[in-house]
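Notes follow the structure.
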Ligand code: GDP
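In our numbering, the protein residues as written are 9 to 448.
See the structure below:
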């Protein structure tokens, strides 16, 4: 995410390191670089200029903080200002209605249907919500099918009325259906077009006026940079929407849309889409995003993702096993599966401070565990629970069965042993210390 921008900002801010004092000259130089980095990332020139002016004023007025190193101070100022520019605090969605109606708007291909499914799944996981998805694209039967597929994937009912050409009528019928069937959230996926046009705007405005949704969300593809910002402006002028959804942030996005959209439409980014799968949705936290842009990682999100997968009961069982030296390959396999549920490897590693930059050209296979899993699957139950019985003839058999080599089997066994030792060490309180350090 934003690799190029991160690199350039990093370079710009490095200039100040080694200087004893913040002076007008070195601040000006650094900020010129920062501004160039932002403009290269497709941030509107005026926004970039205002941004650097604010940082400059603050930097020169920071006598009190002169104890800090100038480089660090600048990083902090830039981070704080980036956070402000992207909205300051995270903004929630309004779910106060009964049912709460959420209207999705945006161009075709922006990721509306995908996001509708992700949001339905996100809310459904909150247990107290029972969403209903509504297909209101009356022009493309394929779009209705797509929503049905998405609904099935996330286990959420989809309301549609193929052949009905009136999206207002469909929306109203859907809300009535929701009331009758105990759905407390209604997510309406509307028709988009390839470019902003009058017919689309009139249609979505009519739906908006007729159903008075609690939330109107504008979905936009972050890869489109300045176009994303212009489209947002056009929709906001007509719809006065409540929030922005930035999709495709997992791609090769330059970052301009994420940074400038809030200040152009004065509406918060509420969620981001980070992949095609239904769980690739994140609440947008401006300060965490600023950390990521500045290559500082996002440890908080990483810990949260880990916590989502954390099962206390399982953890207790595991601890007992470790204490008794009975941690086997089956447990290991379970752990791998949990890690995989946390998201794509590259995405996870990108949240580790400093790692994003190192990994940007590395192609990380999401199935990096495939070989390991194959090896474990080729072991007998006895071998999995008591790995020390694995002698050389067993190793050969396992390698053959898993399509790997004896060397790879050896490597896994070695790593497994080391891991066992480490886990025993962590049992002595080291684990908690490590968690505390990460939260630090
Ligand atoms: P709609 O026309 O606005 O409903 O857009 P779709 O939901 O059909 O999405 C268009 C394409 O973008 C599809 O191929 C989606 O799989 C893809 N897509 C949507 N959201 C994301 C995302 O966050 N990341 C990536 N990589 N692809 C996405």
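Think of the CB as a built atom: it goes at the ideal place given N, C-alpha and C, for glycine as much as any other residue.
Residue from the options with nearest C-alpha to residue i
{"i": "residue 410", "options": "97, 290, 381, 54", "result": "381"}
{"i": "residue 428", "options": "45, 104, 334", "result": "334"}
{"i": "residue 392", "options": "400, 244, 424", "result": "424"}
{"i": "residue 180", "options": "143, 152, 396, 210", "result": "143"}
{"i": "residue 263", "options": "237, 275, 286", "result": "237"}
{"i": "residue 274", "options": "257, 104, 293, 245", "result": "245"}
{"i": "residue 83", "options": "148, 413, 303", "result": "303"}
{"i": "residue 251", "options": "292, 398, 208, 282", "result": "292"}
{"i": "residue 100", "options": "253, 40, 150, 55", "result": "253"}
{"i": "residue 255", "options": "37, 177, 284", "result": "284"}
{"i": "residue 31", "options": "78, 172, 277, 322", "result": "78"}
{"i": "residue 352", "options": "377, 207, 34, 330", "result": "377"}
{"i": "residue 340", "options": "426, 55, 88, 66", "result": "426"}
{"i": "residue 228", "options": "200, 288, 403", "result": "200"}
{"i": "residue 132", "options": "87, 154, 191", "result": "191"}
Residue i to residue j span [Cα, whole Å]
{"i": "residue 95", "j": "residue 384", "result": "47 Å"}
{"i": "residue 42", "j": "residue 118", "result": "29 Å"}
{"i": "residue 272", "j": "residue 62", "result": "17 Å"}
{"i": "residue 202", "j": "residue 116", "result": "5 Å"}
{"i": "residue 336", "j": "residue 406", "result": "16 Å"}
{"i": "residue 415", "j": "residue 186", "result": "59 Å"}
{"i": "residue 419", "j": "residue 247", "result": "59 Å"}
{"i": "residue 170", "j": "residue 146", "result": "7 Å"}
{"i": "residue 49", "j": "residue 234", "result": "10 Å"}
{"i": "residue 453", "j": "residue 218", "result": "Any question about residue 453 goes unanswered here, given that the chain covers just 9 to 448."}
{"i": "residue 124", "j": "residue 346", "result": "25 Å"}
{"i": "residue 139", "j": "residue 46", "result": "39 Å"}
{"i": "residue 210", "j": "residue 221", "result": "16 Å"}
{"i": "residue 97", "j": "residue 297", "result": "11 Å"}
{"i": "residue 269", "j": "residue 356", "result": "26 Å"}
{"i": "residue 64", "j": "residue 102", "result": "37 Å"}
{"i": "residue 403", "j": "residue 342", "result": "22 Å"}
Under the three-state DSSP convention, the category residue i falls into
{"i": "residue 159", "result": "helix"}
{"i": "residue 101", "result": "coil"}
{"i": "residue 82", "result": "helix"}
{"i": "residue 107", "result": "coil"}
{"i": "residue 13", "result": "helix"}
{"i": "residue 60", "result": "helix"}
{"i": "residue 257", "result": "coil"}
{"i": "residue 290", "result": "strand"}
{"i": "residue 229", "result": "strand"}
{"i": "residue 113", "result": "strand"}
{"i": "residue 139", "result": "strand"}
{"i": "residue 122", "result": "helix"}
{"i": "residue 319", "result": "coil"}
{"i": "residue 75", "result": "Reliability of the predicted coordinates at residue 75 is poor, the pLDDT of 45 falling under 50, and no value is obtained from them."}
{"i": "residue 279", "result": "strand"}
{"i": "residue 235", "result": "helix"}
{"i": "residue 339", "result": "helix"}
{"i": "residue 167", "result": "strand"}
{"i": "residue 351", "result": "coil"}
beta-carbon residue i near the ligand GDP non-hydrogen atom, thresh 8 Å
{"i": "residue 131", "result": "no"}
{"i": "residue 118", "result": "yes"}
{"i": "residue 31", "result": "no"}
{"i": "residue 227", "result": "yes"}
{"i": "residue 165", "result": "no"}
{"i": "residue 197", "result": "yes"}
{"i": "residue 232", "result": "no"}
{"i": "residue 281", "result": "yes"}
{"i": "residue 351", "result": "no"}
{"i": "residue 154", "result": "yes"}
{"i": "residue 284", "result": "yes"}
{"i": "residue 409", "result": "no"}
{"i": "residue 123", "result": "yes"}
{"i": "residue 288", "result": "yes"}
{"i": "residue 264", "result": "no"}
{"i": "residue 255", "result": "yes"}
{"i": "residue 428", "result": "no"}
{"i": "residue 115", "result": "yes"}
Proximity of residue i and residue j at Cβ, strictly below 9 Å
{"i": "residue 239", "j": "residue 114", "result": "yes"}
{"i": "residue 59", "j": "residue 90", "result": "yes"}
{"i": "residue 70", "j": "residue 85", "result": "yes"}
{"i": "residue 232", "j": "residue 215", "result": "no"}
{"i": "residue 126", "j": "residue 350", "result": "no"}
{"i": "residue 223", "j": "residue 108", "result": "yes"}
{"i": "residue 301", "j": "residue 104", "result": "no"}
{"i": "residue 162", "j": "residue 184", "result": "no"}
{"i": "residue 242", "j": "residue 204", "result": "yes"}
Near the ligand COA: residue i beta-carbon under 8 Å from a heavy atom
{"i": "residue 258", "result": "Ligands displayed in this structure: the ligand GDP; the ligand COA is not among them."}
Beta carbon proximity, residue i to chain C, threshold 9 Å
{"i": "residue 401", "result": "The structure shown has no chain C; it contains just one protein chain."}
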